[in-house]
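Residue numbers (our numbering): 2 to 261.
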Amino acid sequence: LLFSNAVNLLSNVPVSCLDVLICPLTHEETTQEATTLDELPGDKTTEKETVLKNSTMVYNGMNMEAIHVLLNFMEKRIDKGSSYREGLTPVLSLLTECSRAHRNIRKFLKDQVLPPLRDVTNRPEVGSTVRNKLVRLMTHVDLGVKQIAAEFLFVLCKERVDSLLKYTGYGNAAGLLAARGLLAGGRGDNWYSEDEDTDTEEYKNAKPNINLITGHLEEPMPNPIDEMTEEQKEYEAMKLVNMLDKLSRYCIPIHFLLGF
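In structure tokens:
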């Protein structure tokens, strides 16, 4: 109840003021031995293992403990499996608006929710990670729930369709893209930094065989013609010629149907 009240309170705070949820590390914190998630030169993120004395989550020199608590609360609400509209949508909406307005929050949440893809043998909705759980919500029966889940992932992907499809598959994202008029690709209306995502070698190697609809790796289907003899190929070719000939002889010319 305390967390729910805190989320409701933060939801009524102007988005521009939500940067109070993160703050630069103090001098004492930066000098402690700790595990931190930080950015290297070139704006590429890497994971270094440190743990501040009080288990503070750190990203790019900022204290992300409050955001991490909200993320954990969101996941617990998903795991609860009921009352999504009342219990889940407020915190998802809050994290979405925070990510849209504050770059460091978005990049931290992207690292936590949508880390670089390595294993693409399973469908995006199959599994127990936060990403898997959110992708499952994208096809939830409750329209409000699936809209906010899809919107959250879309914002983490900087509203780029190609990036979203990489993590969710076209089938799961079709509802959001149709509502946004982005079925043909492109990006949303909001501006984000132009830094590019870094794909893992595993993903690059698997990418040519990934089914864009399901979002997972599929083995190439065998070509049935390869197992045919030359006689069988010739027989099938003649069947096709005969079918095309019948089609051309029995089809009524289109100009006759139109009356001119």
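A virtual CB, placed ideally from N, CA and C, is assigned to each residue, including glycine. Treat the numbers as computed from the prediction; the structure is a model and nothing was measured.
Residue i: buried (16+ other C-beta within 10 angstroms of its C-beta) or exposed?
i, result
"Gln-113", "buried"
"Pro-117", "exposed"
"Arg-101", "buried"
"Lys-77", "exposed"
"Thr-97", "buried"
"Arg-86", "exposed"
"Arg-107", "buried"
"Pro-42", "Any reading at Pro-42 must be qualified, since the residue scores a pLDDT of 42, below 50, and its modelled position is unreliable; no value is offered."
"Ala-185", "exposed"
"Lys-159", "buried"
"Met-58", "buried"
"Val-331", "What the structure shows of the chain is the stretch from 2 to 261, and residue 331 is not part of that stretch, so it cannot be assessed."
"Leu-2", "exposed"
"Leu-144", "exposed"
"Gly-187", "exposed"
"Ser-249", "exposed"
"Val-142", "exposed"
"Ala-150", "buried"
"Met-239", "exposed"
Name the DSSP beta bridge partners of residue i, please?
i, result
"Arg-188", "Arg-161"
"Cys-1", "Residue 1 is absent from the structure shown; the chain starts at 2 and stops at 261."
"Ile-211", "Leu-218"
"Val-59", "Asn-64"
Are residue i and residue j closer than 8 Å when you measure CB to CB?
i, j, result
"Val-121", "Ala-207", "yes"
"Glu-220", "Arg-119", "no"
"Tyr-168", "Pro-125", "yes"
"Val-280", "Val-70", "Beyond the ends of the chain as shown, which are 2 and 261, falls residue 280; an answer cannot be given."
"Val-136", "Asn-173", "yes"
"Leu-19", "Leu-26", "no"
"Leu-213", "Leu-166", "yes"
"Leu-154", "Leu-110", "no"
"Ile-68", "Leu-22", "yes"
"Ile-211", "His-217", "yes"
"Ile-79", "Leu-89", "yes"
Residue i and residue j look like a contact to me (Cβ under 8 Å); what is the Cβ gap, rounded to whole Å?
i, j, result
"Asn-61", "Cys-24", "Actually they are not in contact, since the Cβ atoms of Asn-61 and Cys-24 sit about 12 Å apart, beyond 8 Å."
"Thr-215", "Gly-170", "5 Å"
What I want to know is whether the C-beta of residue i ends up closer than 7 Å to one or more non-hydrogen atoms of the ligand NAD.
i, result
"Phe-4", "Summarising the ligand content, the structure contains no ligands, and the ligand NAD is consequently not present."
Can you confirm whether the segment 125-136 touches the segment 175-184 when touching is taken to mean that 3 or more C-beta pairs between the two stretches lie within less than 8 Å?
By the criterion of at least three beta-carbon pairs nearer than 8 Å, the segment 175-184 is not in contact with the segment 125-136.
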